[in-house]
Amino acid sequence: MEDGNEGKNLAQDMKKEEIAEQSNTKENQEVTEKYYINIKELELNRIKLQNVNLVEKTTEETNENGQTENVVTYDIYMKLKDGVYANVATINEEGRIIPNEDILDDDRFNDADKEKLGAVINQLKVEQQVKVKLDKLQEQLEGIEAKTKEEIEQEMEGKDRDDSIKDRDETDKEREEEKDDKEEENDLREVEEEAEQKVIAKRKHIDEKNVCKIRRDSQFFKNYPNIPKTAYFYLDENDRMQAEYIDKDGQIQELSGFNEIKDKTKVTSFGKDGQDVKENTPYRVMSAEGLEDKNKNTQDVRIAIYKDNYGYLRIETIHQGRNGQWEGKNIDTYGRDRNTTRMNRMIDEKDRTPTTGKIAKRQEELKRSGFSQDGLSLDEFSKQRKITEYVRDGYTLEEANSIYDYVVGDLQLTEDKAKEKVNEEKSKANAEKEPRQAGGRDMGEEAYDRLFNHH
6 MEDGNEGKNL
16 AQDMKKEEIA
26 EQSNTKENQE
36 VTEKYYINIK
46 ELELNRIKLQ
56 NVNLVEKTTE
66 ETNENGQTEN
76 VVTYDIYMKL
86 KDGVYANVAT
96 INEEGRIIPN
106 EDILDDDRFN
116 DADKEKLGAV
126 INQLKVEQQV
136 KVKLDKLQEQ
146 LEGIEAKTKE
156 EIEQEMEGKD
166 RDDSIKDRDE
176 TDKEREEEKD
186 DKEEENDLRE
196 VEEEAEQKVI
206 AKRKHIDEKN
216 VCKIRRDSQF
226 FKNYPNIPKT
236 AYFYLDENDR
246 MQAEYIDKDG
256 QIQELSGFNE
266 IKDKTKVTSF
276 GKDGQDVKEN
286 TPYRVMSAEG
296 LEDKNKNTQD
306 VRIAIYKDNY
316 GYLRIETIHQ
326 GRNGQWEGKN
336 IDTYGRDRNT
346 TRMNRMIDEK
356 DRTPTTGKIA
366 KRQEELKRSG
376 FSQDGLSLDE
386 FSKQRKITEY
396 VRDGYTLEEA
406 NSIYDYVVGD
416 LQLTEDKAKE
426 KVNEEKSKAN
436 AEKEPRQAGG
446 RDMGEEAYDR
456 LFNHH
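One rule links them: number in this note's numbering = place in the sequence shown (from 1) + 5.
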């Protein structure tokens, strides 16, 4: 199963190089490929590379005398973190190593990856003057099973199918076990907390829906452990925002560091699941000196309350980035739907938190685009995520970028209209080529795209 995964990653990393190579390959050349996956140790003259993949390419060429001959080259891919492979070098038909120094300028890799790649490429550069003994290389490969594109694709499909079934079964089992173990406990906790919320409302002489009691297991308390887990916010009889908590003796105490301020700033709210990201104006805002915010990307944090058409409240922490933009992160409260796991990861105020204000700025750019204006999805904020989605649907990298540009650019087309336009352009281009290509991609090309763009 592991080999299938690595074949998939190798195929993904090969895509760009293959597109460029195909455009330069002469019509009288035929290229066949063999994939050697997860080579534990590859010996090249005086150096040894660990955990690499090798692609053997045999190109059928016609020489000046009209005779057909096979030219064999090898592409070397080194494994980085998360199963990503990087093309570090090529061994040409003469056995000379050609390091791929351009990869050090590739934005796909971070500084740590580039440092690792640079060390390997420097080693390979030393070996440039010494030819690799191709017969010895072939001996090393004899004990490794070679795979074709089609075999890798079949393994990928089978693994995805098996993993999907396994994940579904395990998830169902885990859910049942969790339900059996925690259902009674959670129900009791829910009843107790909602009862307490009613008591607070009655004591304050306000409607119960004017009270926002924070869930004890919410991400809010993980972000700000200095806040008591009995904290709650509410609108008092004068429609003013207040913050309090219940002490260990059951007495209500003021939550210091929180005071209502007059502020009608616009906030980009992430929603509870990242599927309804839109700009809102809070109903009330509080300063939040009581929050120990450690995110270096944030210059201010406040509490915001929103009121729906039925009078129910929702609260957020709102964060101002260095660019001045405000972003709202939903706080889980009793009586409302919970944040998804994905959203809790997004609002986790740790090192992995995205730069505050970045999404708000992107929302400003996208809200006039062809994407939905009635609450954007977080997925639509990432150009690379959308490009990957289009490529997975069978479009080339160039076509995928065109679709995105048609949506976000001056035309502001919907995704469907942008895809139609790209398809029309593709059909028109194909019609100008050979008759074989007039109908678009043939089955082999479609399979190739699926293989090298599968995620």
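Backbone N, C-alpha and C fix where the C-beta goes; we use that ideal spot for every residue, glycine too.
So, at 6 Å on beta carbons, what are the nonlocal neighbours of residue i in its own chain, with the 5 sequence-adjacent residues on each side left out?
i	result
Q128	I52
S274	N285 and G333
I149	Y41
N33	Residue confidence for N33 is low, a pLDDT of 49 falling below 50, so the modelled location carries little weight; the figure read from the coordinates is stated next. So the list reads T67, once near-sequence residues are dropped.
V290	I266, D268, R307 and A309
D421	none
Excluding the five sequence neighbours on either side, which residues of its own chain have a C-beta within less than 8 Å of the C-beta of residue i, listed in chain order?
i	result
V137	L49, N50, I96, G100, R101 and I102
D212	A206 and G316
K45	Q55 and N56
K203	E213
A151	K39, Y40, Y41 and E61
T73	E65, E66 and T67
A293	G262, F263, V306, R307, I308 and T322
Contact defined as beta carbons within less than 8 Å: I believe residue i pairs with residue j. What is the distance between those atoms, to the nearest angstrom?
i	j	result
L47	V57	5 Å
K277	N335	5 Å
K209	D254	Their Cβ separation, rounded to whole angstroms, is 19 Å, which puts K209 and D254 out of contact at 8 Å.
G295	I232	7 Å
Along the chain, where does the beta strand (DSSP E) that runs through residue i open and close?
i	result
K53	I52 to T67
F275	First-last for F275: undefined, no H or E at that position.
I102	I102 to P104
Y40	E35 to L49
E332	W331 to N335
T462	Outside the shown range of the chain, which is 6 to 460, sits residue 462, and nothing can be said about it.
R289	R289 to A293
R319	L318 to G326
T78	T73 to K84
R220	No beta strand (DSSP E) holds R220; DSSP gives it neither H nor E.
Using C-beta distances below 7 Å, list every residue in its chain close to residue i, excluding the 5 sequence neighbours before and after it, in chain order.
i	result
N29	At N29 the pLDDT is 48, less than 50, meaning the model places this residue with poor confidence and gives no usable figure here.
E106	I126
E198	K218 and Y339
A405	I392, Y395 and V396
A94	I81, I102, I103, P104, N105 and L129
Report yes if the CB atom of residue i is closer than 9 Å to the CB atom of residue j, and no otherwise.
i	j	result
E265	E249	no
E332	I320	no
F238	V216	yes
V131	R113	no
N75	E69	no
K312	Y288	yes
Y411	Y395	no
K141	D118	no
D337	F225	yes
T37	T63	yes
A124	I108	no
Over what stretch of residues does the alpha helix (DSSP H) that includes residue i continue unbroken?
i	result
G123	D116 to V131
R341	Looking at the DSSP string, R341 is not in any alpha helix (DSSP H), and its letter there is neither H nor E.
D410	L402 to V413
A436	E420 to A436
Q224	Q224 to N228
L146	L139 to E147
K388	K388 to R397
N92	No alpha helix (DSSP H) holds N92; the beta strand (DSSP E) holding it covers Y90 to I96.
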